[in-house]
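At position 137 of the sequence shown (counting the first as 1) the number is 142 in the working numbering, and the numbers step up by one without a gap. One structure below.
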Amino acid sequence: PISANSDTVALVRRCCRAAPEMMMPEATPNELLATPQPDLELRTPWQVVWVGRLYPWKGITLALNALALCDQRVQLTVVGGGPELERAQEHARGLGVADRVRFTGQIPWNDVKRELDLARVFLFSSIRDTTGAQLLEAAARGLPIVGIAHQGVGDYVPRDAGTIVSLSEAKEV
């Protein structure tokens with residue numbers, strides 16, 4: 006059997022007594038990797054970007070809660086649409102951070118690349134994702150990643166590529 010992350014490997018070993026091989030199922034297009042990246046120092050100083058479909062398990066409320074704990078100069082761009090968009094906007098208003106969040110909705114891929122290039126940090130708050138192609142996309146654009154050491158993030162993001170917090174630390178936010 007093949008598994009995409011160590012959490013699933015452990016589950017398969019317990020349930021099926023099998024020894025699955027782990028492999029990353031996502032891929033980053035060559036044209037993304039081949040693009041020269043702007044100098045990180047030239048990017049907007051306090052811009053954080055979040056990319057994904059707005060579903061409950063993607064952790065957008067967790068991302069907004071984290072923003073509320075940050076310095077007032079930190080701004081968040083949320084790239085993506087989905088059924089949780091209105092709820093996320095309402096949550097941002099309730100936290101008093103709506104003026105620091107820009108929701109782009111779903112945008113074309115070239116615009117996503119531009120948003121990644123404008124940011125200084127990529128925030129990945131998903132609480133249930135096999136790996137997350139967005140991690141590869143952000144890394145390919147030279148962004149440090151802030152994420153939760155859970156499922157694919159804990160397996161595939163090197164500790165020197167950003168900040169990976171434990172699941173228990175994330176629950177405190």
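Glycine is no exception: its CB is placed at the ideal position from the N, C-alpha and C atoms.
| query | Quick one, which of 109, 129, 138 and 51 has its alpha-carbon nearest residue 77's? | reply | In the sequence shown, counting from the first residue as 1, residue 77 sits at position 72. Taking only the C-alpha atoms, the option nearest residue 77 is 51.
| request: Could you pull the start and end residues of the beta strand (DSSP E) that residue 109 belongs to? | output: As a first step, residue 109 is located in the sequence shown; it is residue number 104 there, counting from the start. Element bounds for residue 109: 106 to 110.
| Span separating the alpha-carbon of residue 65 from that of residue 167 | Residue mapping note: residue 65 aligns to position 60 of the sequence shown, counting from 1. Residue mapping note: residue 167 aligns to position 162 of the sequence shown, counting from 1. Rounded to the nearest angstrom, the two C-alpha atoms are 19 Å apart.
| query | Whole beta strand (DSSP E) runs in the segment 119 to 159 with 3 or more residues, listed along the chain? | reply | 126 to 129 and 150 to 153
| request: With a cut-off of 8 Å on the beta carbons, I'd call residue 97 and residue 74 a contact; round off their distance for me. | output: On the sequence shown, residue 97 is found 92 positions in, with the first residue counted as 1. On the sequence shown, residue 74 is found 69 positions in, with the first residue counted as 1. No, residue 97 and residue 74 are not in contact; Cβ-Cβ is about 14 Å, not under 8 Å.
| What are the start and end residues of the alpha helix (DSSP H) that includes residue 100? | Counting from one through the sequence shown, the residue named residue 100 turns up at place 95. Counting along the chain, the alpha helix (DSSP H) containing residue 100 begins and ends at 90 to 100.
| task | Compute the Euclidean distance between the alpha carbons of residue 91 and residue 117, then round it to the nearest angstrom. | result | Residue 91 sits at position 86 when you count from the first residue of the sequence shown. Residue 117 sits at position 112 when you count from the first residue of the sequence shown. Approximately 20 Å between the Cα atoms of the pair.
| said: For the alpha helix (DSSP H) containing residue 17, name the first residue and the last one. | reply: As a working mapping, residue 17 is identified with position 12 in the sequence shown. 11 to 21 is the extent of the alpha helix (DSSP H) around residue 17.
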